[in-house]
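Remarks on the structure that follows.
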Amino acid sequence: MSKNKPVLKIFSFGHPLMTTEWRSILGDKYCHALPFDYVITDNMADASVIAWDGVISLKLGSLQAELENHLTKGKVLLLLGESHTLFQKGSLVRIFNNPEIATIQLNGWSVLPEEILSALETCYQKITHV
Amino acid sequence: MFSWKEFQKTKTILSQDSAYKELMGQHHVTVRPVNLIRWVEMAKDDLGYLTLVEIAGADLAGVEKSEYGFELTYHLLNMGNHQRLNIHVIFDLQEIVPSIVHLFSNADWMEREQGEALGINFSRPLQALLLPKKQTNYPLRKIAHTEHWPVDEVEALPQIKTNPNKSEAPYAEEAFVWKKYDVFSPSTFGMFDWMVCYDPTNVVDTKMNIGFHHQGLEKILEQKDWQHVLQLVDKIHVGAAPTYGIAWAKNLEDLLRIKLPERAQAIRIVVLELARIAEHFTVMHELTFALGLDEHRLFINCREKIYELMEKYCGRRQGLGIAQIGGVKQDLPHGWIIEYQSVCEIVLKTLRTIHRSLVSQSKFREQLNGGAVSAQTVLEWGISGPAMRASGLNFDLRKSQPFYFYQDIDFDIPVGINGTAYDRYLIRHEEVFQSFRIITQVIDNLPLGEILSADFDKDFFGLQNYLGSMPIPQAWQYTGIESPNGEAGFLVMFNQSVNPYRVKIKTPSLPLVQALTHFVSGIREEQLRPYLASLGIRQFELDR
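Respectively, the protein sequence lines represent chains Y and E.
Residue 10 is where the first sequence starts when you use this note's numbering, and the numbers rise one by one after that.
Residue 541 is where the second sequence starts when you use this note's numbering, and the numbers rise one by one after that.
See the structure below:
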């Protein structure tokens, strides 16, 4: 990792792609594709990008305030994919409609690493230029 | 290995009761709740059915001529001679079903799951598992309201009053420390809420709260037709996508007695093994990533090669949507085999180098040692896959009940000794070599011919009409295959239609999470993440 380059810290939460395609961007094939460095962090508070499928499940409802609190602290929300849920999506809409949360959305389940990189670049621009 | 001789012996014993039925090489008995314990005890103690694979409940409101309102199916496995027994309990809602948790420890979560989803009364008080407490919507009933739900409060840390091990306390009681890792914590991989008790350095007990990503997948699948189910089930485990698609297709094919063309079987074996290799690389990457070792990048590089192969075959990196009823969607493209041979050579060479580097590091060996899990514990909790084999049990569905033509392929099943995370790593590492060995043999002897049964070479509506015209019984059908992390399959109730009436998903991750306390007992806090990574628990496999 170059010392001069800025580093984008990504926290990935609640999406099956977290264990699949997110990991691909750590490999040698993609890791030097962007003009900045990125790391997948374990610390949500420390992250600048939070990748999420956007589904507030029944049990996640109790943690919604905490989640929203994290998202409004100058972070970018990267929404990934479509999810099928049996349950209502009312609480989810509240986060989407919040003007304080900068959101980038990716569609589709089978997201390619190239698309993730492109989305990360947009997230980076949001953070550095806004 | 499955044997018809043994099957007939068990059949003779079981069929002395008039409620016996045989379907697709599995035993089915139907009993009333009052006889359940007697049957389960007999199955376990006298007939050797030591593993409870799954419990599936169904609301029979849509079943014609049904005498009772509900049914619970207990799916048991005899690992010795690979026979499967389904005990169907039929009852009305006001009746109480006896709990079998004293016979099978893993029945606890299964009963809780069926209790909350269908509102079944078991003979013990049940806590909610996936849904909020005090909900009365019972989403798996045929007429269920899913609009309004209560919200759970965040649980406080337990007060320690006694030694959680219920043994002689090695420390004063105040030396125990509970720590909470919520769903946002790195130690839980975003999957569950976890309270862990330390003594104060090593784990002695844990409390688990799951269901944070519960999306009601089983109910969603019930509302879809067989073709849509095929699309959706691939997403249960995106990293090894063909696994669940093939398991679902195989379930229908077994029910309808469809014979697959040999080439289609060969291609399915190839993609299943590629998915296994890719998943093992993911787990080994997560393991090394959690330990902060640089080798994690190399595992991803190897996996990338496998995904490229998959993409060249079907156009999708993880192999989504390969399976089709009656065969596979695409044939291997021209030049793919040469490509495979070169990838195989590069990946195996890289893997040997990474392995040498890892095992020579004392940090790697030390961090993954401790927390041994015995074979008895593994059996008791219904664990399967590498986590089971690491504890010394030699059981793999590819060998014990070979599907397609696995029985004609020469390969070994690696088995561990201690049941530690280090053993699990070694098992996965060796399984990668064995999977390449399987693919190479299949490719060297790749049968010629069609990739789809002639009856199924139709468009969607043609297929729908064809399947609609086939006689389908009202029956439960279980098909499991060996996924990278253990036994994966579907216990499906068909009600005279090819579309499922009730789908119960069997995944290897849920038993692992249920038994997690045993897997982490005795380890230190910094070992939690690598230990969890070594198990290969997948978030969507916890969904029901």
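A virtual CB, placed ideally from N, CA and C, is assigned to each residue, including glycine.
Note that the structure is a prediction, hence the values are computed from the model and not measured.
State the beta-bridge partners of residue i as determined by DSSP.
i               : result
T1019 (chain E) : E:F1030
K720 (chain E)  : E:M735
P1040 (chain E) : E:F1034
L833 (chain E)  : L833 (chain E) pairs with nothing; no bridge assigned.
A863 (chain E)  : E:V868
Q566 (chain E)  : E:L563
R624 (chain E)  : E:L617
V955 (chain E)  : Looking at the DSSP assignment, V955 (chain E) forms no beta bridge with any residue, so it has no partner.
V629 (chain E)  : E:V571, E:L612
L69 (chain Y)   : Note: L69 (chain Y) sits in no beta bridge, so no partner.
What residue range is occupied by the uninterrupted alpha helix (DSSP H) comprising residue i?
i               : result
S127 (chain Y)  : 122 to 138
G1008 (chain E) : 1000 to 1008
I807 (chain E)  : 802 to 830
N545 (chain E)  : One detail in the question is off: residue 545 (chain E) reads as Lys in this sequence, not Asn. Per DSSP, K545 (chain E) belongs to the alpha helix (DSSP H) from 544 to 554.
W788 (chain E)  : 782 to 796
G597 (chain E)  : Here G597 (chain E) belongs to no alpha helix (DSSP H); instead the beta strand (DSSP E) covers 591 to 599.
H768 (chain E)  : 766 to 773
T1057 (chain E) : 1056 to 1060
M748 (chain E)  : Unbroken run through M748 (chain E) is the beta strand (DSSP E), 743 to 749; no alpha helix (DSSP H).
Y965 (chain E)  : 961 to 984
W31 (chain Y)   : 30 to 33
A715 (chain E)  : A715 (chain E) -> no alpha helix (DSSP H), and no H or E assigned at all.
The beta strand (DSSP E) spanning residue i covers which residue range?
i              : result
W579 (chain E) : Counting along the chain, W579 (chain E) falls outside any beta strand (DSSP E), though it belongs to the alpha helix (DSSP H) covering 573 to 581.
S21 (chain Y)  : 16 to 22
T613 (chain E) : 610 to 618
E562 (chain E) : 560 to 563
H895 (chain E) : Unbroken run through H895 (chain E) is the alpha helix (DSSP H), 876 to 899; no beta strand (DSSP E).
L86 (chain Y)  : 85 to 89
V58 (chain Y)  : 58 to 61
L115 (chain Y) : 111 to 115
V48 (chain Y)  : 46 to 49
Thinking C-alpha only, which one of the options is nearest residue i?
i              : options                        : result
W53 (chain Y)  : E:R578, E:F729, E:G1026        : Before going further, note that residue 53 (chain Y) is Met rather than Trp in the sequence given. Comparing Cα-Cα distances from M53 (chain Y) to each of E:R578, E:F729, E:G1026, the minimum goes to E:F729.
K561 (chain E) : E:Q1014, E:E844, E:R905        : E:Q1014
A60 (chain Y)  : Y:G83, Y:I125, Y:L67           : Y:I125
L643 (chain E) : E:S975, E:L919, E:N1039        : E:L919
V593 (chain E) : E:N575, E:I627, E:S606         : E:I627
L872 (chain E) : E:A830, E:I807, E:N791, E:V823 : E:I807
N841 (chain E) : E:E819, E:D774, E:G922         : E:E819
R896 (chain E) : E:I640, E:H753, E:E835, E:H777 : E:E835
L849 (chain E) : E:F829, E:I886, E:L833, E:E826 : E:I886
A598 (chain E) : E:W544, E:H685, E:R681, E:Q566 : E:R681
G83 (chain Y)  : Y:A128, Y:Q134, Y:F22          : Y:Q134
D586 (chain E) : E:G956, E:F610, E:I553         : E:I553
Q566 (chain E) : E:A815, E:A647, E:Y614         : E:Y614
P517 (chain E) : E:S645, E:N749, E:V574, E:L795 : Lying outside 541 to 1084, the shown extent of chain E, residue 517 (chain E) is not represented and no answer is given.
Q864 (chain E) : E:T828, E:H768, E:V883, E:T822 : E:H768
A559 (chain E) : E:V955, E:V629, E:S882, E:G956 : E:V629
V48 (chain Y)  : Y:W31, Y:G63, Y:V64, Y:L80     : Y:W31
I want to verify the contact list: residues of chain Y whose CB lies under 7 Å from the CB of residue i, in sequence order.
i              : result
V769 (chain E) : Ordered by position in chain Y, no residue passes the 7 Å Cβ test against V769 (chain E), which lies about 12 Å from the chain.
V723 (chain E) : L72
H622 (chain E) : Simply none; closest approach about 31 Å.
H969 (chain E) : None at all; the shortest Cβ gap to chain Y is about 18 Å.
H825 (chain E) : R32
Just to make sure I have the definition right: I need the residues of chain Y whose C-beta is within less than 8 Å of the C-beta of residue i. Which are they?
i               : result
N841 (chain E)  : G36, D37, K38
E879 (chain E)  : Result: empty, since nearest Cβ-Cβ is about 16 Å, beyond 8 Å.
G751 (chain E)  : S66, L67, K68
Q556 (chain E)  : Going along chain Y, no residue has its Cβ under 8 Å from Q556 (chain E), so there is no contact; the nearest lies around 43 Å.
Q1014 (chain E) : Within 8 Å Cβ-Cβ: nothing; Q1014 (chain E) doesn't reach chain Y, min ~25 Å.
Could you work out which residues of chain E lie near residue i, taking near to mean beta carbons separated by less than 7 Å?
i             : result
N51 (chain Y) : One point to set straight first is that residue 51 (chain Y) is Asp, not Asn, in the sequence displayed. Per Cβ cutoff of 7 Å: P726.
Please list, in chain order, the chain Y residues whose beta carbon lies closer than 9 Å to that of residue i.
i              : result
R837 (chain E) : L35, G36, D37, C40
D844 (chain E) : Per the sequence shown, residue 844 (chain E) should be read as Glu rather than Asp. In chain order: S33, G36, D37, K38, Y39, P122.
Fill in: Against chain Y: residues of the stretch 671 to 704 of chain E by CB proximity under 7 Å
L671, P672, P679, T686, E687, W689, V691, D692, E693, V694
Worksheet item: Between the stretch 60 to 74 of chain Y and chain E, which residues of the former have CB atoms less than 8 Å from a CB of the latter, in chain order?
Response: V64, S66, L67, K68, L69, G70, S71, L72
Worksheet entry | Members of the stretch 28 to 49 of chain Y near chain E, C-beta cut-off 7 Å | T28, T29, R32, S33, L35, G36, D37, K38
Fill in: Against chain Y: residues of the stretch 586 to 616 of chain E by CB proximity under 8 Å
none
Practice prompt. Determine which residues of the stretch 770 to 788 of chain E have a Cβ less than 8 Å from any Cβ of chain Y, and write them out in chain order.
Written response: Residues L772, K775, H777, V778, G779.
Worksheet entry | Chain-ordered residues of the stretch 1055 to 1082 of chain E with a beta carbon less than 7 Å from chain Y | R1078, Q1079, F1080
Worksheet item: According to a CB-to-CB cut-off of less than 8 Å, which residues of the stretch 847 to 865 of chain E neighbour chain Y?
Response: Y847, R856, R857, Q858, L860
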